[in-house]
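Residue numbers for the sequence shown follow numbering that gives the first Met the number 0, so the first one is 0 and each next one is one higher.
Note that the Cβ used here is the ideal one computed from N, Cα and C, for glycine as well.
Predicted model, so just to flag it, every value in this text is computed and none were measured.
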Amino acid sequence: MSVLAEFEALYGVEPEGIWAAPGRVNLIGEYTDFNDGFVMPLALPHTAVAAVARRTDGILRVHSADVEGGVVRLDVASLEPLSGTDWAAYPAGVVWALREAGHPITGADIHLTSTVPTGAGLSSSAALEVVTALALNDLFGLGLSRPELAVLAQRAENAFVGVPCGVMDQMASACTVEGHALFLDTRDLSYRQVPFDLAAQGLRLLVVDTRVKHALGDGAYAERRAGCEAGARALGVRTLREVPYAQLPDALARLSGEPESVRRCVRHVVSDNHRVERTIALLDAGDTAAVGPVLTEGHASLRDDLRVSCAELDLAVEAANAAGALGARMTGGGFGGSAIVLVAERDADAVAAAVEKAFAEAGFTAPRIFPAVPSAGARRQ
Ligand code: ADP
Ligand code: MG
């Protein structure tokens with residue numbers, strides 16, 4: 000059944016429109032977005048789709064085709080942050096954040112379905128938030144910009160759902176353009192669309208979804224955030240973004256009295272910001288293949304300094320590179336989720352097969368491997 004027909008079957012009326020918002024992979028710049036740093040995500044072809052109609056009676060009804068449990072019915076005036084861990088908190092949080100910002104959302108019927116794999120580090124949560132935010136923005140004529148919608152979606156996830164994510168995922172879903180990566184400065188949300196036409200250069204970017212998510216990820220994320228904040232405080236800067244790469248050795252020397260974990264956070268964030276700048280320079284020069292080693296370097300930093308990788312991600316990177324990939328790294332928060340692999344098109348199948356074989360030999364769950372084709376950002380369909 001189509002999304003439109005499903006909506007009608009659920010709510011007995013036609014939706015006023017259908018919107019889509021993509022998941023993303025991040026090419027480079029990891030754990031930098033809460034340090035005012037640089038990131039470079041691109042949208043996946045996988046999207047969350049929402050059919051939506053306005054209501055005027057203060058009732059919010061949400062339904063997902065992808066989870067059991069039927070329609071969730073809420074009262075918009077009494078939405079409470081952190082009141083539930085259920086999936087409905089994502090769209091409800093967006094309604095809450097819009098109302099908190101003074102926008103008169105008087106209720107809605109929402110039916111969602113998504114092809115973004117959940118919990119794979121590909122931002123199914125941001126896709127859900129952004130598709131909801133864009134639909135309500137259009138229907139209620141709020142006139143908010145894409146970055147404004149992304150920030151409200153992030154606020155929904157931070158304050159309503161209770162997940163302390165940075166703004167990259169929502170900006171990626173809201174602001175990307177087909178065939179491009181998004182060079183985003185998270186300090187002021189300025190961004191540039193960087194042409195990323197892999198096919199024209201005979202290249203492919205593979206996503207390796209390890210299909211595991213290790214439980215220690217949530218606590219570790221908060222701990223790394225705290226480490227970055229401690230490092231910035233000790234260096235007397237507002238965020239680690241303020242530390243230029245050229246001053247990294249000096250900064251580390253000044254941190255000699257700090258815990259090793261803090262020094263590692265500083266080294267990762269400052270060097271990864273620099274890796275984003277190097278990647279931009281290579282892409283601007285048309286040398287996409289040379290981005291490969293920068294990815295592999297970024298993986299080593301996440302594995303050895305930030306320590307947010309895991310055996311499955313390390314194996315994906317090692318096996319891909321050993322089989323002739325140009326470079327690879329984990330992407331997203333780590334502790335499972337996905338890796339990306341930059342590879343010449345002619346080698347892509349052999350590299351994918353090598354990763355699958357390595358996983359089988361290690362006794363790991365079979366990974367899901369697919370190409371990351373730089374796709375369109377959120378839109379009305
Ligand atoms: P990621 O964003 O990396 O996929 P998260 O843990 O941040 O992982 O978000 C996953 C959560 O988002 C799911 O547990 C679920 O609550 C919600 N979610 C994502 N997609 C859907 C969907 N299609 N229907 C309902 N809930 C969804
Ligand atoms: Mg998420």
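Report the residue from 240, 158 and 63 whose alpha carbon sits nearest the alpha carbon of residue 272. The shortest C-alpha separation from residue 272 is found at 240.
Could you compute how far the alpha carbon of residue 100 sits from the alpha carbon of residue 205? 39 Å
Just to check my reading of the structure: residue 267 and residue 308 have Cβ atoms closer than 8 Å, yes? What is that Cβ distance to the nearest angstrom? The beta-carbon distance between residue 267 and residue 308, rounded to whole angstroms, is 12 Å. This is too long to meet the 8 Å contact definition.
Where do the ends of the alpha helix (DSSP H) carrying residue 6 lie? 2–10 is the extent of the alpha helix (DSSP H) around residue 6.
State yes or no: is the C-beta of residue 65 nearer than 7 Å to some heavy atom of the ligand MN? Judged by which ligands are present, the ligand MN is missing from the structure shown, whose ligands are the ligand ADP and the ligand MG.
One or two residues paired with residue 25 in a DSSP bridge: For residue 25, the beta-bridge partners assigned by DSSP are 40.
Closest by CA to residue 291, which one among 333, 197, 311 and 236? 197
Would the beta-carbon of residue 150 fall within 8 Å of that of residue 129? no
Going by DSSP, what residues sit across from residue 268 in a beta bridge? Bridge partners of residue 268: none, in fact.
How is residue 295 classed by DSSP in three states: helix, strand or coil? If DSSP states are grouped into helix, strand and coil, residue 295 belongs with the helices.
Can you tell me which of the three DSSP states residue 139 falls into? coil
Per DSSP, cross-strand counterpart(s) of residue 356: Residue 356 pairs with nothing; no bridge assigned.
Spatially closest choice to residue 354 from 318, 364 and 348, by CA coordinates: Relative to residue 354, the option among 318, 364 and 348 whose CA is nearest is 318.
Are the beta-carbon atoms belonging to residue 126 and residue 18 less than 8 Å from one another? no
Determine whether the beta carbon atoms of residue 172 and residue 376 lie at a separation below 8 Å. yes
Enumerated in chain order, which unbroken segments of the beta strand (DSSP E) with a length of 3 residues or greater are wholly contained in the stretch 277–337? 326–330
With a threshold of 7 Å, establish whether the CB of residue 244 neighbours any heavy atom of the ligand ADP. no
Quick check on residue 246: buried or exposed, where buried means 16 or more other Cβ atoms within 10 Å of its Cβ? exposed
DSSP three-state assignment for residue 93, whether helix, strand or coil: helix
Any heavy atom of the ligand ADP inside 7 Å of the beta-carbon of residue 117? yes
Closer than 7 Å: residue 120 CB and nearest the ligand ADP heavy atom: Within the cutoff, so yes.
Near residue 112, which residues of its chain fall below 8 Å by C-beta distance, leaving aside the five closest residues on each side in sequence? So the list reads 2, 5, 47, 48, 63, 64 and 65, once near-sequence residues are dropped.
Would you decide whether residue 274 is buried or exposed? Buried here means 16 or more other CB atoms lie within 10 Å of its CB. buried
How big is the Cα-Cα spacing for residue 261 and residue 227? Going by the C-alpha atoms only, they are around 7 Å apart.
Return the residue from the list 254, 77 and 26 that minimises the CA-CA distance to residue 331. 26
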